[in-house]
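Quick note on the working numbering: the sequence shown kicks off at 1035 and runs consecutively. Glycine included, C-beta positions come from ideal geometry on N, C-alpha and C. Note that the structure is a prediction, hence the values are computed from the model and not measured.
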Amino acid sequence: MKYLAILFLMLGFACSPSERGENQIDYKIDTVMVDSKGGIIMGATNLFLSDFDNNLTTLYHYSSQTAEVEIIDLEKLSIKERIKLEKEGPNGVGDGVFRFYLLGDSLFVFSNYFGLNFLDISGKKTKGIKFTNFEFFKELQEESDRFSSNYTFLNSASKFICPVYSWGNDFKYLALVDLEKDQMDKIEIEGLKVINHFNVTLKSGNSQRSIIKPVYLLKIDDLVYISNTANNEIFTYNIQTEDLKKLTIEADKLSAGKSGTYKKETDDYDEFAEIIGRMDFEIEYQYPVRNPSNGNFYRFSIQKTREKMDEIPAKYDIHLIAYDKNFHLLSETKIPEMNSIPQVYFWKNNSIWLHENVDDELGFVRMSINYE
């Protein structure tokens, strides 16, 4: 907690409800630090390889640098345990881990391009899956397509949904995979392909660097909510009935999405940076989180309003958007205290918790919501 006062001064995290207009979310912001117990929490840098238990009381973070799973108690705000794993060998998680998942509060899943490795909570491998042994993956490779790093497991370690992209980085479809049946069904969503207009690739010889718009998946019971960053559209897929629906998403003062025309490929770095900069001046939507007590959804939008100039940082407008359980718009609230959106945020205890690195210590900015 020693960094709390400093953080408030640095980021200006204070808010006055009286300044908010009609239908604005009433929120309060504070910051809490995680007790590292004298050690180093690698999750302070980023929480990309992380997941939570079903009750959101415990955070599990895999550090590829140390090959450890850091277990964080979110109730006591302290590190609870570190589980040392192997990268290679019979219990190895493998190199090039794209994503890390926790299934059923006791099964770790490590994904990479070629497959999945399943380890129990003691670090013993229970199963290893090589995609190259499956006919569906051979078909994927023949089409020059690839899985993204975003898997959503469907109440089973053998079934998942994953976005599929071309090697040219265009979104193609969602793959519904059943490992037991060696089967992959395609969930075609033409409306999602609009994100391909906002991909840009820098090519330099045999190497390339790409900025692509991701597809977000949020599973709640039998529904998978599908969204993206280029616009505010939401689709739902019913696991049981296989029904695919597009929800009507309202916007009030905010733009519904990006609309500009951009070059998709360049070999000039300055042009690459200029394209990304122009895109930033258009709105971008982040992934939704849900309040389980009333079913409301929340997500952030971000839009650049000022370029970086010498020592003056770039400026962004951040809004928190609230929807009811059917995604009817409740509010678009500007959050002047924020100038960026962290990679990881989640809903817990009537608050949105946002990952924060404070002098290489793990912290969370908590945005407490009071909106019915």
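- Query: Could you give the distance in angstroms between the alpha-carbon of S1293 and the alpha-carbon of W1201?
  - Reply: Their Cα atoms are separated by approximately 24 Å.
- Counting only the same chain and skipping the five closest in sequence on each side, list residues whose C-beta sits under 8 Å from that of E1395. A distance below 8 Å between beta-carbons, with the five flanking residues on each side excluded, links E1395 to the following residues of its chain, in chain order: Y1037, M1067, V1068, S1070, I1075 and A1078.
- Separation of T1100 from E1109, as counted between CA atoms: If you take the alpha carbons of E1109 and T1100, they lie about 25 Å apart.
- Candidates Q1320, S1385, K1280 and Q1337: closest to P1326 by CA position: Here the closest residue by C-alpha is S1385.
- Message: Going by C-alpha to C-alpha distance, which of L1388, Y1319 and K1114 sits closest to G1073?
- Response: Comparing alpha-carbon positions, the option among L1388, Y1319 and K1114 lying closest to G1073 turns out to be K1114.
- Give a yes or no on whether the C-beta atoms belonging to L1354 and F1334 are separated by under 8 Å. In contact: L1354 and F1334 (Cβ atoms closer than 8 Å).
- Message: For G1130 and F1142, I'd like the C-alpha separation in whole angstroms.
- Response: About 16 Å.
- Message: Which same chain residues end up closer than 8 Å to E1120 when comparing Cβ atoms and leaving out the 5 residues on each side of it in sequence?
- Response: Cβ within range, chain order: A1101, G1126, V1127 and G1157.
- Task: Give the range of the beta strand (DSSP E) segment to which K1158 is assigned.
- Result: It is not in any beta strand (DSSP E) - K1158 carries neither H nor E in the DSSP assignment.
- Query: Could you give the C-beta distance for I1317 and S1289, rounded to a whole number, given that I count them as a contact under 8 Å?
  - Reply: Contact holds; Cβ gap of about 5 Å.
- Report the residue from K1215, Y1094 and R1133 whose alpha carbon sits nearest the alpha carbon of K1118. Closest option to K1118, Cα to Cα, is Y1094.
- Message: So the candidates are F1082, M1372, N1088 and T1091; which of them puts its Cα closest to the Cα of S1097?
- Response: Minimum Cα distance to S1097 is reached at F1082.
- Message: When you compare the CB positions of I1223 and F1269, do they come within less than 8 Å of one another, or not?
- Response: Yes, Cβ-Cβ distance for I1223 and F1269 is below 8 Å.
- Message: Rounded to the nearest angstrom, what separates I1273 and S1238 at their Cα positions?
- Response: Roughly 42 Å separates the two Cα atoms.
- Task: Please say whether I1063 and S1365 have beta carbons closer to each other than 8 Å?
- Result: At least 8 Å separates the beta-carbon of S1365 from that of I1063.
- Message: My parser needs the beta strand (DSSP E) runs of 3 or more residues fully inside the stretch 1053-1098; what are they?
- Response: Counting only runs of 3 or more, we get 1060-1067, 1084-1086 and 1092-1097.
- Determine the closest residue to L1281 out of A1348, L1213 and D1358, with distance taken between C-alpha atoms. Looking only at A1348, L1213 and D1358, the smallest Cα-Cα distance to L1281 is reached by D1358.
- Task: Would you mind reading off the limits of the alpha helix (DSSP H) that contains D1304?
- Result: Its alpha helix (DSSP H) spans residues Y1303 to D1314.
- Would you say the beta carbon of A1264 comes nearer than 7 Å to a heavy atom of the ligand GTP? Among the components modelled here there is no ligand, and therefore nothing to report on the ligand GTP.
- Own chain residues within Cβ distance below 7 Å of S1402, not counting five before or after: Taken in chain order, the residues that qualify are Y1061, K1062, N1384 and S1385.
- Secondary structure of Q1175, DSSP reduced to three states: Q1175 falls in the helix class under three-state DSSP.
- Alpha-carbon to alpha-carbon, E1371 and L1174: One C-alpha to the other measures close to 45 Å.
- Give, in chain order, every unbroken run of the beta strand (DSSP E) that is at least 3 residues long and sits entirely within the stretch 1162-1212. The qualifying runs are 1179-1181, 1193-1200 and 1205-1212.
- Reduced DSSP secondary structure (H/G/I, E/B, other) of F1361: DSSP places F1361 in the coil class of the three-state scheme, outside both helix and strand.
- Query: In this structure, what does DSSP give as the bridge partners for F1380?
  - Reply: Bridge partners of F1380: W1387.
- Query: Which whole-angstrom value is the C-beta distance of I1195 and L1251, which I expect to be below 8 Å?
  - Reply: Yes, I1195 and L1251 are in contact; Cβ-Cβ is about 6 Å, under 8 Å.
- Query: By Cβ distance, which residues of its chain are closer than 6 Å to K1193, with the 5 residues on each side in sequence left out?
  - Reply: Within the same chain, K1193 has close Cβ partners D1212.
- Task: May I ask you to report which of helix, strand or coil DSSP gives Y1350?
- Result: Y1350: strand per DSSP, three-state reduction.
- Query: Going by the CB atoms, is the gap between I1229 and Y1271 shorter than 8 Å?
  - Reply: Going by C-beta atoms, Y1271 is not nearer than 8 Å to I1229.
- Please look up how many angstroms separate the CB atoms of Q1337 and Y1350, rounded, as I've assumed it's under 8 Å. Between Y1350 and Q1337 the Cβ distance is about 6 Å, and since that is below 8 Å, they are a contact.
- Task: Look up K1110 in the DSSP assignment and say whether it is helix, strand or coil.
- Result: DSSP places K1110 in the coil class of the three-state scheme, outside both helix and strand.
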